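K.L.:
Quick one: structure below, then a few questions.
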């Protein structure tokens, strides 16, 4: 099994911690005077997103995690699994609801996203930073309102609820920032 | 096309380094301390239990890049050089990070006839004017290790109690301390000092911590009044360690005993085996006058002077694109 020594640690490296795949966010090398050196490492658990801090003695090694990020096209949801396809090899992957998590609110058929695979099985899905979604439902807006104001909630075709300006109508195509879940603009058609 | 041919630091940092080196040399010239050069590539290497080194070969001969110029400089002292200083590159395997580069610049000096207090005054004489120019306070804070450790952790560093030490680590949110330090008193001290004490040390001012617990590895002399302490000082600025100094061991027998102790500790740590430096021991046997010595990491000092966040910002080329 491949492993990394503390001296190889760097941000982005994927390791196994407590039998889960994790990514190193930050590594701080601590060397007290004439004493034992440590690595203080911030790690994100790739399955549940939790961030923990760990200390290693210099020279210790940890198991490498076989984790890769692949650009994939989202195909469809069959009720149980979400299906993705690699755009070049056409190889298909299915991810369960745990792996997809809240990302399902941003997944539209045919859109590209990033599928994270651990030992070739999907563990998480990252949507593109911006998606274009159609408004499925929202209260009728007030005529003449241009922007600003409090806005109103709108339910998108994927089920996501986004705060939009009052003038937005059902059936409009909107550009949404998936990192903040915020409305950006009407999509250019 | 990559940009990795470019220097790690900017031109201002190069200029600041040149100005700092000039002032250091002017200080020692005025103090009548002799500048020397000693080899970086040597037949022996120190036994520091927690330092790794780079080794190379010439034919069948094994040679080592020095982790500090200490042994060569002590041989010069024993040969009658008088007080000496040196600005040189040193190498430490595997040390890389925000405050570390495996190749770095040390200023190391030895003063004949100085005890630890006199050495601390000397270091202040060199550093305070440099720091004052960059807006740091002119006063120096001097604290004993025992006092500062107790102040920030509530623990007595000379008495080990696993449950008490563990409780303090947990109070600081360091839940894995026991995994790392187990039952090792000196590991616990280093762990708690670097993670709980160091960051709280005074800002914007030179801070000297003196009289370290004897259980921590060093080549310092035992304190005359308390044999649980050694005459060792470390300098900190803004919580960053920049120097380590000793009232030096001059007794060849004691030095040899520490070598043997450290060689055993290295075995325990599964570090590369090293042999004790017989030439240093022979020099001590021939006689080394009472002296104190200190080494300052000049790249770190430059980080502090230039208010830089990482060591790469003061190096022409850091290890990543050297």
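Protein chains in written order, with the working numbering: chain A, 160 to 348; chain B, 648 to 969.
For every residue, glycine included, the Cβ atom is placed at its ideal position computed from N, Cα and C.
Every value quoted in this text rests on a predicted model; they were computed, and no experiment measured them.
Chain A partners of residue 885/B, CB-CB under 7 Å?
P.N.:
In the second chain, residue 885/B corresponds to position 238, counting from 1. Here the premise fails: no neighbours, minimum Cβ distance about 16 Å.
K.L.:
Could you please give the first and the last residue of the uninterrupted alpha helix (DSSP H) stretch that includes residue 800/B?
P.N.:
Position 153 of the second chain holds residue 800/B. Unbroken alpha helix (DSSP H) run through residue 800/B: 792-800.
K.L.:
Nearest-angstrom Cα distance between residue 712/B and residue 892/B?
P.N.:
Along the second chain, one-based indexing puts residue 712/B at 65. Along the second chain, one-based indexing puts residue 892/B at 245. Straight-line Cα distance between these residues: approximately 21 Å.
K.L.:
On the CB-based measure, 16 or more other CB atoms within 10 Å of its CB, does residue 747/B come out buried or exposed?
P.N.:
Counting from 1 along the second chain, the entry for residue 747/B is found at position 100. Buried, because 16 or more other Cβ atoms sit within 10 Å of the Cβ of residue 747/B.
K.L.:
Would a C-beta distance cut-off of 8 Å place residue 877/B and residue 870/B closer than the cut-off?
P.N.:
On the second chain, residue 877/B is found 230 positions in, with the first residue counted as 1. On the second chain, residue 870/B is found 223 positions in, with the first residue counted as 1. Against a cut-off of 8 Å, the Cβ pair of residue 870/B and residue 877/B comes out as a contact.
K.L.:
With a CB to CB cut of under 7 Å and the five nearest residues on each side skipped, what residues in its chain are close to residue 709/B?
P.N.:
Locating residue 709/B in the second chain gives position 62, where the first residue counts as 1. Within the same chain, residue 709/B has close Cβ partners 702.
K.L.:
On the criterion of 16 or more Cβ atoms from any shown chain inside 10 Å, does residue 820/B qualify as buried, or is it exposed?
P.N.:
Position 173 of the second chain, counted from the start, is the residue given in the question as residue 820/B. Exposed, because fewer than 16 other Cβ atoms sit within 10 Å of the Cβ of residue 820/B.
K.L.:
Tell me which residue opens and which closes the beta strand (DSSP E) that residue 719/B is part of.
P.N.:
Position 72 of the second chain, counted from the start, is the residue given in the question as residue 719/B. Run containing residue 719/B: none in the beta strand (DSSP E); it sits in the alpha helix (DSSP H), 717-725.
K.L.:
Is residue 240/A helix, strand or coil when you go by DSSP?
P.N.:
Stepping through the first chain from its first residue, residue 240/A is reached at position 81. In the structure shown, residue 240/A sits in coil (DSSP, three-state: anything other than H, G, I, E or B).
K.L.:
Please return the same chain residues whose Cβ sits closer than 8 Å to the Cβ of residue 966/B, not counting the five positions on each side in sequence.
P.N.:
For the purposes of this step, residue 966/B is taken as the residue at position 319 of the second chain. 743, 748, 749 and 750.
K.L.:
Buried or exposed for residue 911/B, please, with buried defined as at least 16 other CB atoms from any protein chain shown within 10 angstroms of its CB.
P.N.:
Within the second chain, the letter at position 264 stands for residue 911/B. Label assigned to residue 911/B: exposed.
K.L.:
Pick helix, strand or coil for residue 870/B, following the three-state DSSP scheme.
P.N.:
Here residue 870/B corresponds to residue number 223 of the second chain, with the count starting at 1. Coil.
K.L.:
Considering just the uninterrupted stretch of the alpha helix (DSSP H) at residue 664/B, what are its terminal residues?
P.N.:
Residue numbering aside, residue 664/B sits at position 17 when the second chain is read from its first letter. First-last of the alpha helix (DSSP H) with residue 664/B: 658-677.
K.L.:
How many angstroms separate the CA atom of residue 875/B from the CA atom of residue 822/B?
P.N.:
Residue 875/B sits at position 228 when you count from the first residue of the second chain. Residue 822/B sits at position 175 when you count from the first residue of the second chain. Approximately 29 Å, taken between the alpha carbons.
K.L.:
Given a threshold of 16 other Cβ atoms within 10 Å of its Cβ, counted over all protein chains shown, does residue 321/A qualify as buried or as exposed?
P.N.:
Here residue 321/A refers to the residue found at position 162 when the first chain is read from its first residue. With 16 or more Cβ atoms within 10 Å of its Cβ, residue 321/A is classed as buried.
K.L.:
For the alpha helix (DSSP H) containing residue 258/A, list its first residue and its last residue.
P.N.:
Within the first chain, numbered from 1, the residue matching residue 258/A stands at position 99. Taken as a continuous stretch (DSSP letters only), the alpha helix (DSSP H) holding residue 258/A covers 256-259.
K.L.:
Give the single residue among 686/B, 667/B and 698/B whose Cα lies nearest to the Cα of residue 779/B.
P.N.:
For this step, residue 779/B is matched to residue 132 along the second chain. Taking only the C-alpha atoms, the option nearest residue 779/B is 667/B.
K.L.:
The beta strand (DSSP E) that contains residue 187/A, what's its start and end?
P.N.:
Here residue 187/A refers to the residue found at position 28 of the first chain. First-last of the beta strand (DSSP E) with residue 187/A: 179-189.
K.L.:
Comparing C-alpha positions only, which one of 865/B, 810/B and 848/B sits nearest to residue 835/B?
P.N.:
Here residue 835/B refers to the residue found at position 188 of the second chain. Selected option, being the one with the closest Cα: 810/B.
K.L.:
Identify the contact partners of residue 222/A in chain B, using a Cβ-Cβ distance below 9 Å as the criterion.
P.N.:
The residue labelled residue 222/A in the question sits at position 63 within the first chain. In chain order: nothing, as chain B lies at least about 16 Å away.
K.L.:
Report the three-state DSSP secondary structure of residue 296/A (helix, strand or coil).
P.N.:
Along the first chain, one-based indexing puts residue 296/A at 137. DSSP places residue 296/A in strand when its eight states are reduced to three.
K.L.:
Just by C-beta distance, which residues in the region 182-206 of chain A are closer than 9 Å to chain B?
P.N.:
The residues in question are 186, 187, 188, 189, 190, 191, 192, 193, 194, 195, 196, 197, 198 and 199.
K.L.:
If you measure from the beta carbon of residue 216/A to each beta carbon in chain B, is any gap under 8 Å?
P.N.:
As a working note, residue 216/A is residue 57 in the first chain. Output row for residue 216/A: interface = yes.
K.L.:
What does residue 684/B reach in chain A if we use C-beta pairs closer than 8 Å?
P.N.:
Position 37 of the second chain holds residue 684/B. Those within 8 Å of residue 684/B in chain A number zero; the least Cβ separation is about 25 Å.
K.L.:
With C-beta atoms as the reference, is residue 210/A less than 8 Å away from residue 184/A?
P.N.:
The residue given as residue 210/A occupies position 51 in the first chain. The residue given as residue 184/A occupies position 25 in the first chain. Yes.
K.L.:
Report yes or no: is there a C-beta of chain B within less than 8 Å of the C-beta of residue 339/A?
P.N.:
For the purposes of this step, residue 339/A is identified with residue 180 of the first chain, where counting begins at 1. Chain B contact via Cβ: absent.
K.L.:
What does residue 213/A touch in chain B if you count any residue whose Cβ is under 8 Å from its own?
P.N.:
Within the first chain, residue 213/A is the residue found at index 54, counting from 1. Simply 823.
K.L.:
Which stretch, first to last residue, makes up the alpha helix (DSSP H) that contains residue 969/B?
P.N.:
Along the second chain, read from residue 1 onward, the residue named residue 969/B stands at position 322. It is not in any alpha helix (DSSP H) - residue 969/B carries neither H nor E in the DSSP assignment.
K.L.:
Can you name the residues that DSSP bridges to residue 854/B?
P.N.:
Reading the second chain from its first residue, position 207 is the one you call residue 854/B. According to DSSP, residue 854/B bridges with 788/B and 883/B.
K.L.:
Could you round the C-beta distance between residue 716/B and residue 755/B to whole angstroms and report it? I think they count as a contact, below 8 Å.
P.N.:
Numbered from its first residue, the second chain carries residue 716/B at position 69. Numbered from its first residue, the second chain carries residue 755/B at position 108. Residue 716/B to residue 755/B, Cβ: 5 Å. Contact.
K.L.:
Take the Cβ of residue 171/A as the centre, count every other Cβ of all protein chains shown within 10 Å, and call the residue buried at 16 or more, exposed below.
P.N.:
Here residue 171/A refers to the residue found at position 12 when the first chain is read from its first residue. The residue is exposed, with fewer than 16 neighbouring Cβ atoms inside 10 Å.
K.L.:
Tell me whether the region 836-845 of chain B and the region 792-812 of chain B touch, counting them as touching only if at least three CB pairs, one residue from each stretch, are closer than 8 Å.
P.N.:
With a cut-off of 8 Å, the region 792-812 of chain B and the region 836-845 of chain B count as touching, because enough Cβ pairs lie within range.
K.L.:
Can you check whether the CB of residue 217/A is closer than 8 Å to the CB of residue 196/A?
P.N.:
Taking the first residue of the first chain as position 1, residue 196/A is located at position 37. Taking the first residue of the first chain as position 1, residue 217/A is located at position 58. Yes.
K.L.:
Tell me whether residue 776/B sits in a helix, a strand or coil according to DSSP, three-state version.
P.N.:
Locating residue 776/B in the second chain gives position 129, counting from the first residue. Residue 776/B: helix per DSSP, three-state reduction.
K.L.:
Does residue 166/A come within less than 8 Å of chain B when only Cβ atoms are used?
P.N.:
The count along the first chain starts at 1 and reaches residue 166/A at position 7. Yes, residue 166/A counts as interfacial toward chain B.
K.L.:
Below 7 Å on C-beta distance, what does residue 841/B contact in chain A?
P.N.:
Stepping through the second chain from its first residue, residue 841/B is reached at position 194. The answer, in chain order, is 189 and 191.
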